[in-house]
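Peer 1: Read in order, the letters of the sequence shown are residues 371 to 466 in this note's numbering. What follows is a structure written as structure tokens; I'll ask about it next.
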Amino acid sequence: MLRDPLGSEIKKLRPCVVVSPAELNDHLRTVIVAPMTSKGFAAPFRAPVTHAGNSGLIVLDQLRAVDKARLVKRLGAVSARTLSATLATLQEVFAV
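Spelled out as structure tokens, the structure:
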């Protein structure tokens, strides 16, 4: 069970990238998201992103499943290049 954030967990409302596939999103009431941040540090498991003129990172080490009701509003979509880099990074992170 998740409650209030602890330690290094992201604490405030922030934009996220939905990383779960459409096949899941269409059938479940939850989506898997990766938060975005304009702070923090670059790392092999974080994908660079530019959104609304701001540079930042997609924090792939903080993935979370959330109910769709938590999604406040759609802000747009990441570029094809960013999406490709994000999915490639996720494949590396979860390589077995």
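Positions of the beta carbon are idealized from the N, C-alpha and C atoms, including for glycine. Note that the coordinates shown come from a computational prediction; the quantities given were computed from them, not determined experimentally.
#1: Consult DSSP for P391 and reduce its assignment to one of helix, strand or coil.
#2: I'd like the span of the beta strand (DSSP E) that includes A450, first residue to last.
#3: Mapping the DSSP letters down to three states, classify V403 as helix, strand or coil.
#4: Quick test of your reading: R416 and L427, contact by CB under 8 angstroms. State the CB separation rounded to the nearest angstrom.
#5: If you reduce the DSSP assignment to three classes, tell me which class A435 lands in.
#6: Please go through the same chain and pick out, in chain order, the residues whose beta-carbon is closer than 7 angstroms to the beta-carbon of R384, but skip the five residues on each side of it.
#7: Is the CB-CB distance between V387 and V403 below 8 angstroms?
#8: Which residues mark the beginning and the end of the beta strand (DSSP E) in which I428 is found?
#9: Starting from the C-beta of K381, find all residues in its chain whose C-beta is less than 6 angstroms away, skip the five residues before and the five after it, and write them out in chain order.
Peer 2: Put simply:
#1: In the structure shown, the three-state DSSP call for P391 is coil.
#2: Counting along the chain, A450 sits inside no beta strand (DSSP E); it lies in the alpha helix (DSSP H) bounded by residues A450 to V463.
#3: In the structure shown, V403 sits in a strand (DSSP, three-state: E or B).
#4: Rounded to the nearest angstrom, the Cβ distance from R416 to L427 is 4 angstroms, consistent with a contact under 8 angstroms.
#5: In this structure, A435 counts as strand in the three-state DSSP scheme.
#6: Leaving aside the five residues that flank R384 on each side, the residues in its chain whose CB is nearer than 7 angstroms to its CB run, in chain order, P405, M406 and T407.
#7: For V387 and V403, yes; Cβs fall inside 8 angstroms.
#8: From DSSP, the beta strand (DSSP E) with I428 extends over N424 to V429.
#9: These residues qualify, in order along the chain: P375.
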